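Okay, structure first, notes after.
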Amino acid sequence: MAGSSHGHGHTPAAWTGVIISFIGFCVAGAFMVMAQPVGFWAGMAIILAGAVVGGIMRAMGLGSNPKPLKMTGAPLATGEPVAAES
1 MAGSSHGHGH TPAAWTGVII SFIGFCVAGA FMVMAQPVGF WAGMAIILAG
51 AVVGGIMRAM GLGSNPKPLK MTGAPLATGE PVAAES
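Position 17 of the sequence shown, counted from 1, bears residue number 17 in full-length UniProt numbering, the numbering being contiguous throughout.
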């Protein structure tokens with residue numbers, strides 16, 4: 001598994017969003033320890049900004065395209081009732 005790549009976050013959009021969110025976690029954590037609610041909520045806003053920036057960058061084409069899910073096994077339910085065999 002170490003050699004296989006599934007494209008998990010290897011894009012500029014993902015890296016940027018995660019780095020901004022990580023900075024937000026650090027800010028929120030530091031201000032939480034210092035008992036400063038305003039700073040804590042500022043850190044939470046930075047976390048939200050990281051998600052927004054990552055989403056915008058993905059919409060601009062800097063993220064990965066979603067891959068179709070390959071379903072194997074049982075067919076999907078059709079919603080039709082199954083008749084009992086007698």
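Even for Gly, the Cβ is constructed at its ideal location relative to N, Cα and C. Being a predicted model, the structure only gives us computed values, none of them experimental.
Alpha-carbon spacing of residue i relative to residue j, whole angstroms
i	j	result
L65	C26	As written in the sequence, residue 65 is Asn, which differs from the Leu given in the question. Taking the straight line from one Cα to the other gives about 30 angstroms.
M1	A30	With a pLDDT of only 47 at M1, under 50, the local geometry of the prediction cannot be trusted, and the value read off the model is given with reservation. Their Cα atoms are separated by approximately 36 angstroms.
G50	A13	10 angstroms
A45	K70	36 angstroms
G61	T11	10 angstroms
Q36	R58	34 angstroms
C-beta contact flag for residue i and residue j at 9 angstroms
i	j	result
I20	I56	no
G17	G54	yes
F22	M32	no
With 16 other Cβ atoms within 10 Å as the buried cut-off, status of residue i
i	result
G63	buried
A28	buried
Range of the contiguous alpha helix (DSSP H) that encloses residue i
i	result
G17	12-33
G50	37-57
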